[in-house]
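Visitor: Numbering-wise (numbering that gives the first Met the number 0), the sequence shown opens with residue 0 and increments by one.
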Amino acid sequence: MIIKLKPDITSEDRNRLVHIIQESGADYSDQDAINQSEIYINEAYTGINIGLFYHMPGVESIIEGEPIYNLVSRNYKKSDTIIQLDDLYIGGDNYPVMIAGPCAVENEDQIRETAQLVSSLGVRIMRGGAYKPRTSPYSFTGLEERGLELLGKVKKETGLFIITEVLDTADVEVVAAYSDILQIGSRNMQNYKLLKAVGRIRKPVLLKRGMSARLDEFLGSAEYIMKGGNEQVILCERGIRTFVEYSRNTLDLNVVPVVKNLSHLPIIVDPSHGTGRRDLIMPMSLAALAAGADGLMVEVHPHPDNSWSDPEQALSPEQFSLLMEKFTHFLEWLNKNVSVTTAP
Ligand SMILES: [Mn+2]
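Written as structure tokens, this is what we have:
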């Protein structure tokens, strides 16, 4: 149960309310670490009389039951959350962002070559994994801190913003030191310790949807981050497991307008992992924009066939350059011809 408090609740009224909850022996916490405007009561451990709270001064409303998420919902916050990186904005009515880069940081030449390529095509945020969760323990699992240093180096040279994945609570600090956005990967969407850890920092976090996650589970994971006080969360659809065998995953673009309706958080789409096929990245990128995505995240490699990870989905410089061209033209066309709004 959540007790929503009026913004002008007096401290006496608040104390009285907390006192009653304490007396009942209920397990409670300040749900909203940011505004202190809500009190969360774990109903499983209490025989508390809910009716008592409805008419108390300073109480705005009461949400009964156990909601999976609240802070991430549109009910909680009507206006779109906008993530700011200096002069770049993600979400709301802002121009969709393109995030591009290799699956993994392999060496200095590879990451510099990619950085120069994407930067020359107008990309502002580069991706690149230093810590790589891989299906096989025999696969390349990343350069780790050396990879972060290389990302830091090309960031200085090019002015690109950096997004990179954090795999472990122990690495949150070092990854945050080298990056502008921390990525929580699909496999860690339900690693609640890690979600809590990135909830404590004050940097944007991109949360990828788990490959088998339902929407409420996805938003519940975002709630963990926001509950820690970190309001800068970007959601990312990256494909889910279905019965289809012709693509790596099934890109669930339905989720984009549905998320926009349910949540104020920005959502971007990763067609690279969502399809696992170079030939599907262009059409699914444009489809994601048409669905209202706040941006795209795409894998590109200077020599895709030599890529140490995910070579089958890495775009070549030529293919990526064409994608950037279509991206711009398609957005112009969309703005002129279609109003991409959320469903009523
Ligand atoms: Mn990858």
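Just so you know, even glycine gets a beta-carbon here, dropped at the ideal spot from N, CA and C.
Cα separation between G24 and E298?
Guide: 52 Å
Visitor: Where DSSP assigns a beta bridge to S72, which residues make up the other side?
Guide: S262
Visitor: Within 10 Å of its beta-carbon, does E37 have 16 or more other beta-carbons around it, so buried, or fewer, so exposed?
Guide: buried
Visitor: What residues in its chain sit with their C-beta under 8 Å from that of R15, if we drop five residues either side in the sequence?
Guide: M55
Visitor: Using the C-alpha atoms, what's the distance from M281 back to G198?
Guide: For G198 and M281, the gap between their C-alpha atoms comes out near 34 Å.
Visitor: Can you check DSSP and say which residues form a bridge with M97?
Guide: L295
Visitor: Compute every distance between the C-beta of E236 and the non-hydrogen atoms of ligand 1, then say whether any falls below 7 Å.
Guide: no
Visitor: So, D269 versus R247, is the Cβ gap smaller than 8 Å?
Guide: For D269 and R247, no; Cβs fall outside 8 Å.
Visitor: Between the alpha carbons of G184 and K325, how many angstroms are there, rounded?
Guide: 27 Å
Visitor: Would you mind giving the Cβ-Cβ distance between D293 and P95, rounded to the nearest angstrom? I have them listed as a contact below 8 Å.
Guide: 6 Å
Visitor: For T134, which of helix, strand or coil comes out of DSSP?
Guide: coil
Visitor: Identify the residues that DSSP records as bridge partners of V268: which are they?
Guide: E236 and L295
Visitor: Look at the alpha carbon of E112 and the alpha carbon of G127, and state the distance between them as a whole number of angstroms.
Guide: 13 Å
Visitor: Shorter than 7 Å, the distance from the beta carbon of H54 to the closest heavy atom of ligand 1, or not?
Guide: No, the Cβ of H54 stays beyond 7 Å of every heavy atom of ligand 1.
Visitor: Looking at D304 and ligand 1, is the gap between the Cβ and the nearest heavy atom below 7 Å?
Guide: no
Visitor: Please report the distance separating the alpha-carbon of E63 from that of Y27.
Guide: 14 Å
Visitor: If the criterion is Cβ atoms closer than 8 Å, does the pair E222 and N69 meet it?
Guide: yes
Visitor: Between which two residues does the beta strand (DSSP E) containing D26 stretch?
Guide: D26 to S28 is the extent of the beta strand (DSSP E) around D26.
Visitor: Measure the alpha-carbon distance for E172 versus N190 and round it to whole angstroms.
Guide: 17 Å
Visitor: For the alpha helix (DSSP H) that Y39 lies in, which residues bound it at each end?
Guide: Note, Y39: premise wrong, no alpha helix (DSSP H); beta strand (DSSP E) at E37 to N41.
Visitor: Excluding five sequence neighbours on each side, which residues of the same chain lie with their C-beta closer than 6 Å to the C-beta of G273?
Guide: R237, G238, N248 and L250
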